[in-house]
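Residue numbers (our numbering): 38 to 1117. Glycine residues also receive a C-beta, built at the ideal position from the N, C-alpha and C atoms.
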Amino acid sequence: MKLTEFAIRHHVAVLVFCVGILLVGAYCYVSMPRESYPDVPFPFIIVTTVLDGATPVDVEQSVTVPIEAELEGLEGLKEVRSVSSESISMVSLEFQPDVETEVALGRVRDAVDQAKPDIPIEAEEPIVKEFSLTSMPVLIYHLVGNDVISLSELNELAEKLEDELKQVPGILDVDIFGGREREVVIVVDPERLHFYDLPLAQVQGILRGTNRNVSAGNADSATNRIVMRVPGEFEDPSEIFGLVIGTSPGGTPIYMRDVATIRPTFEDEESRARLYDFYGACNNPGGGEEYIPPRRSVSLHIKKRSGAHMLELSRRAEEIIAARPRSGDVEVIKGLDHSKMVREMVGDLENGIGTSLVLVCLVILLGLGARNALLVAAAIPFSLLLSMIVLQLTGQTLNMMVLFSLILSLGMLVDNAIVIVENIYRHHSMGLPKARAALVGTTEVAWPVITSTATTVGAFFPLVFWPGILGEFMSFLPKTVIIVLLASLFVALVVNPTLAALLVKLKPGANTAVDPESRRPSYWLVLRYRSVLEFLLDRPGWTVLTAFVLLLLIFGLYGQFGAGTEFFPPVDPETVSCSVRPPEGVSLERSDRLAREMEDRIFGAPGSGYDQPVKNIKYASVVVGLEDGTGGGGFGDASGGPVNVTVEFVDRQDRAERTTDTMTEMRNRIEGLDKAGKRLMHPLFGADFDVLQPEEGPPTGKPLSIDIFGEDLNEMSRVITDMKRLMRSTPGTVKPTDDAVTAQPTLEWRIDKSRAGVFALDQATISTILQIAVGGLKTGTFGHGEDEQDIILRLPERYRLNTELLKNVTIPVSTGGSVPITSVASAKLVPGPVAIKHYNQRRVLNAGAEVQPGIRNDADIRKTFEERVGGHAFPPGISYRLGGAAEEEEAASAFLMKAFAIAIFTILMVMVLQFNSLVTSGIVMCSVVLSLMGVFTGLLVMHAPFGIIMTGIGVISLAGVVVNNAIVLLDAIRQFEERGDSVRDAVVSAAMIRFRPVLLTAITTILGLVPMALKLNWDFRNFTYQYDTNTSQWWQSMATAVIFGLLVATILTLGVVPALHMGMHNVRLRFRELFHRATA
């Protein structure tokens, strides 16, 4: 091997290179941004168009449909969804992950430009923007005041903090909830306007025209240029009182104070926020045991930029909060802290790496001795840190996928080093000098080592091309494993031989004439193995037949007693979200009352029927009036919107029960049940209540989901109600919901176009007057910066819904004078849809349901529901599509089957190139198939379901790992046969020589994953053990598959593979004998 020879000859350069790897790799590891999950960018574009005053049906037909028609067929477009609500059209587009976001934005903008001629001219310019998962907050701070400080003062402090936080690199945006902005409201009396014969539009026009600064140009003097400006903006609300808005017939000025009252106030309340602090009030790390009243708060929701360093971002934000002016009246409480979750997840996996490293090194030490163990163990830091350099150069972050990939690779990366160091030591023990032994020993096994690495890389390589968002998320695992394995191959061929040439040493008094294997303390095990092997070689046919019969038996047992399948493994959540979705159009006050009914039950308020809060709660933050992408088209309004209660659980070591059990009790209380599920009172009603666990990994949707397509919204609503009923009656499901909204009473103003034409009035003019009369209209601002306040022009409250009183509101006409607004427009209370949704240009309604916490096998539940849907009679014109997690699961299963087939073919091709024999390659492939016996045995022993994702990837990775030892063993057999040994002698000799390397490589890989399979790690920071962490719950099924599969595969490699090789030789001899007889 030329590369190895070069490295040994230039060992000083190699040593300097190793020092560089250690220093640069350590720096890269420390400086890499930390995240809990990979930051997967995906092109998701939203097109928002406002058509003021239009009904949902009008928005659908005149805005949404033309835009969707132009967007259809865009290159790389995956799906189109839209919501047409009052005045707003929102079209969302998801592109394939391989489409660059900027490219997708350009395509969408071009298509929207093509659609503009078909959109009403009164519609506003469509807004095309990117949507990202980073729009979810990663940090939430609550500003809580005592009785002395007001919400407006808290809001002012929040705005100051917002400005400072936005300057932090990595912070994308900061949202404020619960506060109220100051504003100046001008309440005009229509009766006074009628008395002075003044139209409302004239008041609006004078306000707009007066409250602004005007540039008067510039003039050049002999020496310089003078800029002229006319300042006119209001500096104080009192100036508005003296504003002249007209004159009487006698020439007397009419002032604003004659027709209006002006008062500083606060804007209409759009959201409310409050905080339950069980941890601080009770000073109990395990959460509160008695009800704690909430405190009104203003909350800051901080969002992270894609790729930002979460831990650094959190540190900078904490510094800003700590540096604020101290006040005994204001307390800042940190609620959601994603950096804590990142720190815990990274810490868990780092502890897993450390625990696995200790176990692997211990096995190497016991199996190889101190000096050889040191040479093999050197491969671990060099390979891992070299991988860190590559990951840093490719822009990767340190996240759960990357760190587990390192754990998975930890046992495999020493395989090459074990084989090479063992062979070097064997040659040195037989009398070769150190340098010569290093070169000969490495060269002898170099190609088997390269081949075994290539087969493992080949097994993981198809996973890199996993399509979709799920594939982008999971691809971090194969990419990292491939990088680590290639790094370990480089270390095994360059670093290990160089170090061995310098450090390998025989024990004092060692006899080089004696086989070094026989001098080891474990040689008795080799002799015992030889006797077993001789027994199997005498009965190769029965050995192979027994193996395949056991495989079929295990398959049958799993089919009978297996725990079914799951998509992603369930994980105990750190936080949950209790949501309340009231009917569309309800007031903020009504939404707040519904939220408090749920809060009282969950948190054990007096009179709620529950005498204490549910367990494990640390904080609970409530936000009423969140922005909603359905009813509000993505814009916040004062209609209440959904309600979200974010519950943060206490630290894992302080929990009284599993958080999944806490979630179940929350749901029980909403339904009026006790902890055991016994009825105590009526369920909460008046809204959709739910307790939701954050999705682990990429978004996949609800386990049960169905889309209903049609044209008749009433018919579709009836069908979606039937689907909810089917979900509710399906065992194992909870909280079926749908997105069908009841018709909202709408006060619809119909403009009489012929009458309006007589007076030369257009729709925009009439709509502006109606907006002032009903909702109020912003006519300007005064003040600057943080002191800026809106000026709102509106009518008294009693006029807003009273059409009789609105008769006093007049509109000026071009011919002079004015006419009552009711002479050109009439109001009528009509029912109508609140929102119309489309999926790929078809009207759609969706229903979905969750699976009860603790149920891991949701495939049977989905199958039962699908059978019931298949037996349901759908009306003509109605169709359906099953989606959600089931759709993703089918796609993932199909891809993993293809990936497994490609991996097997790739491994076969590599082995054919290595051995130039289909028979030998077929023997190795049999070991891959038989290793499935171990996978399903492990699932039966652990009573775990077959994870579509985790176990599936485990099986594919196992295919690459299993063949490694078989390749090394068969290559040794081939070498002995080429020296002239008989087949049986070659098999026995090679098996005895490779027994320890095969056993050691298998044990190191297995022990590297044992901590994750047992969900047990040693915490190297606190010197204690960790059990059942979230990361171990996530990865346990994959670790179990690899461990049991490799355990069985090792037995197969040492027993069945030699027997199969011997059996194939016997078959060839028998055919040769028969051929000779036939031709004799």
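Taking just the CA atoms, how far does G813 sit from E834? 10 Å
On the three-pair Cβ rule with 8 Å, is the region 997-1005 touching the region 959-967? yes
Distance between I873 and D749 (C-alpha atoms, nearest Å): 11 Å
Compute the Euclidean distance between the alpha carbons of A359 and C398, then round it to the nearest angstrom. 45 Å
In its own chain, which residues sit with a C-beta less than 6 Å from the C-beta of F757, not counting the 5 before and 5 after it? Position check: residue 757 holds Ile in this sequence, whereas Phe was assumed. These residues qualify, in order along the chain: I745, D775, A777, L882 and A884.
Start-to-end residues for the alpha helix (DSSP H) that takes in W1071: N1067 to I1088
Consult DSSP for A227 and reduce its assignment to one of helix, strand or coil. The amino acid at residue 227 is misidentified as Ala; the sequence shows Pro. Residue state, collapsed to three classes: helix.
Straight-line CA distance for S860 to L807? 13 Å
Decide if the region 573-582 is in contact with the region 1029-1042; the criterion is three or more beta carbon pairs, one per stretch, under 8 Å apart. no
So, under 8 Å CB-CB, V651 and M718 are touching, yes? Tell me the CB distance rounded to an integer number of Å. 16 Å between Cβ atoms; not a contact.
Confirm, please, whether the CB-CB distance from G921 to P768 is below 9 Å. no
May I ask you to list the residues that DSSP assigns as paired with W786? A864
Among residues of its own chain, excluding the 5 on either side of D725, which ones have a beta-carbon nearer than 7 Å to its beta-carbon? R618 and T774
Is there contact between the region 1057-1073 and the region 929-942, where contact requires at least three CB pairs shorter than 8 Å? no
Residue(s) in a DSSP beta bridge with V426: A small correction: the amino acid at residue 426 is Ile; Val does not occupy that position in the sequence shown. Paired residues: none, contrary to the question.
Proximity winner among E459, F598, N653 and G215, relative to D688 (alpha-carbon distances): N653
Is P301 helix, strand or coil when you go by DSSP? strand
T847, DSSP secondary structure in three states: strand
What whole-angstrom Cβ distance do F168 and I104 have, given they're in contact under 8 Å? Contact flag wrong, Cβ pair sits at about 16 Å.
Just to confirm my understanding: we take P174, look at its own chain, exclude 5 residues before and 5 after, and list those with CB closer than 7 Å. What are they? H338, I339, K340 and L373
Please report the residue range of the beta strand (DSSP E) in which D212 lies. I208 to F214
Do three or more CB pairs link the region 196-205 to the region 292-305 at distances below 8 Å? no
Between the C-alpha atoms of R1107 and F585, what's the straight-line distance to the nearest angstrom? 23 Å
Runs of beta strand (DSSP E) lying entirely within the region 618-662, each at least 3 residues, in chain order: 654-661
In chain order, what residues of the same chain have a beta carbon less than 7 Å from the beta carbon of Y595, not counting five sequence neighbours either side? F973, L976 and L977
Can you tell me whether G668 is buried or exposed, with buried defined as 16 or more other CB within 10 angstroms of its CB? Note that G668 scores a pLDDT of 31, beneath 50, so its modelled location is shaky and nothing firm can be said.
Taking the straight line between their C-alpha atoms, what separation do you get for I357 and Y64? 27 Å
Same chain, Cβ closer than 7 Å to A929, neighbours up to 5 away in sequence not counted: L507, I985 and I986
Does the pairing of the region 447-454 with the region 480-494 give three or more beta-carbon distances under 8 Å? yes
Classify T612 as helix, strand or coil using the three-state DSSP reduction. strand
I want to know whether the region 183-190 touches the region 140-149 - three or more CB-CB distances under 8 Å. no
Could you say if the region 92-101 and the region 115-124 meet the contact criterion of at least three C-beta pairs nearer than 8 Å? yes
Enclosing alpha helix (DSSP H) for H1102 [first to last residue]: V1094 to T1116
V850: which of E904, G794 and D897 sits nearest, CA to CA? G794
Pick helix, strand or coil for D366, following the three-state DSSP scheme. coil
Go ahead and pull the three-state DSSP assignment for A981. coil
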